[in-house]
Amino acid sequence: MTAVCRELEHYARPPFTDAPVRSLYIGGGRPSRLSPSVLQSLTDACRRTLGAPPLEETTLELHPYDASPNVLKALPRLGVTRLSIRGQSFVDAKLRALGAPYSAEDLRDTIRRVQAVGVESVSVDLMFGGPGPSLSAWKASLQRAVDLRIPHVTLHELGADSPAQHDDEAQADCFAFALMALGAKGYKPYELTHFARPGHRSRYQEHVYAHGNVLGLGPSAESFWWPDRTDPSTAERWSNVSDVTAYVERLRDDESPVARREPLDRTPLAREYILLRLRTKEGLDLNVLHDRYDCPLRREKSATLNRLAAEGLIHDDPACIRLTDRGRLLADAITQRLMPEA
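Each position in the sequence shown, counted from 1, maps to that position plus 1 in the numbering used here.
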């Protein structure tokens, strides 16, 4: 944690202090294993170093086997307003297939204890596909999330990067069922995999999908910063070294932990914006894409847009493109068809 705080001090200068910090996301690895005092030192350092006003949201990733009474009791004092629980499944057979070191009852108990603490918002990650039972387990998991009154559910597809484990039809069935089942219970998909009841969207996730600036701290952390939105040459993406020892040693020696920097220009920025915004409920704003990213998509992809609309995959309004429910099942393919040329 000393190294993370040292890295944070590197950013105590413009342009990083020019804009207010609105949300803090403590995730990656198992941050819920940290003691309350260590978590307190981290949140205090962020507010002190970046001059953050009262945050709109502070999220902590929580693994079920880390939900100790001490951690849960300290959450209000730490200013944690949102918990993201790495649940995986509410079905024991699926948890065993995934190698989870806890049972479905352990997960339910964790959620009940979290709710008793009074955290404003709780999210659970649920996985479909991959090893173990598929559609039947998926239906049961979603139903139990609804029964527990969890206000936010995030979907994760397993096996997408492994053709040997990936069954397109089965995965599509799972996703289509989630759209129907969660929608019927008042959950709205504000992003392709994020479903929330009113008032429980993740502000951090909304910021990311709006192509907002993100400052990442710690080993393997990734950052994106575009301080002057009228000048693409000011945009940059970078990532830290992944090795923990190397990360600590660099900061101990007052060296940068950054392993890779990627300057960006209009084309990759436009591609990122298209990729991010097509995943959202609000969709892709063509005026922003044209004015800020210098990408006249309506003109360059007119025939493609007409075909996608005719196929029932997009809602093509004059200033906005949004995926239909059917289009959500083919989001990656649609995005590729709309990407501007390099």
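Just so it is clear, CB atoms sit at the ideal spot from N, CA and C, and this is done for glycine as well.
What you are looking at is a predicted structure, and each value in this text was computed from that prediction instead of being measured.
Locate the beta strand (DSSP E) running through residue i, then write down its first and last residues.
i    : result
W227 : Premise fails: W227 is in no beta strand (DSSP E) and is neither H nor E.
K189 : K189 to E192
G328 : No beta strand (DSSP E) holds G328; the alpha helix (DSSP H) holding it covers D326 to R329.
R238 : E237 to N241
V147 : Taken as a continuous stretch (DSSP letters only), V147 belongs to no beta strand (DSSP E), being part of the alpha helix (DSSP H) at L136 to D148.
L315 : Note that residue 315 is Ile in the sequence shown here, rather than Leu. First-last of the beta strand (DSSP E) with I315: I315 to D318.
Taking the C-alpha atoms as reference points, what is the distance between residue i and residue j?
i    : j    : result
C47  : K140 : 40 Å
T270 : Y294 : The residue you asked about is not Thr; residue 270 is Leu in the sequence shown. Answer to the nearest angstrom: the Cα atoms are 7 Å apart.
R83  : L61  : 7 Å
R14  : L56  : 19 Å
R280 : G80  : 30 Å
L40  : D107 : 24 Å
R272 : E263 : 15 Å
Could you give the DSSP three-state label for residue i: helix, strand or coil?
i    : result
G88  : strand
R49  : helix
I27  : strand
S303 : helix
T3   : helix
L61  : strand
H11  : helix
S122 : strand
A310 : helix
H201 : coil
L339 : helix
L40  : helix
V115 : helix
Would you decide whether residue i is buried or exposed? Buried here means 16 or more other CB atoms lie within 10 Å of its CB.
i    : result
A236 : buried
L3   : According to the sequence displayed, residue 3 carries Thr and not Leu. Exposed, because fewer than 16 other Cβ atoms sit within 10 Å of the Cβ of T3.
S1   : Lying outside 2 to 343, the shown extent of the chain, residue 1 is not represented and no answer is given.
Q89  : buried
Q144 : exposed
N71  : exposed
If you follow the alpha helix (DSSP H) that residue i is part of, which residue opens it and which one closes it?
i    : result
P264 : Careful: P264 lies outside any alpha helix (DSSP H), inside the beta strand (DSSP E) at V259 to P264.
L183 : D169 to A185
T18  : Run containing T18: none; DSSP gives neither H nor E here.
L279 : Where L279 is concerned, there is no enclosing alpha helix (DSSP H), given that its DSSP letter is neither H nor E.
T155 : Run containing T155: none in the alpha helix (DSSP H); it sits in the beta strand (DSSP E), H153 to L159.
A211 : Segment: none, A211 is in no alpha helix (DSSP H) and carries neither H nor E.
R293 : L287 to Y294
Going by C-alpha to C-alpha distance, which of the options sits closest to residue i?
i    : options                   : result
F129 : E106, T111 and D169       : D169
L339 : R327, P319 and I315       : I315
H291 : Y274, R280, N307 and E283 : Y274
A146 : A182, Q172 and G119       : A182
P37  : G28, A13, S69 and R49     : S69
P65  : L51, I86 and A75          : I86
G184 : T246, F196, R150 and A222 : F196
D67  : V92, R31, F91 and R97     : R31
R230 : R308, H11, H212 and E192  : H212
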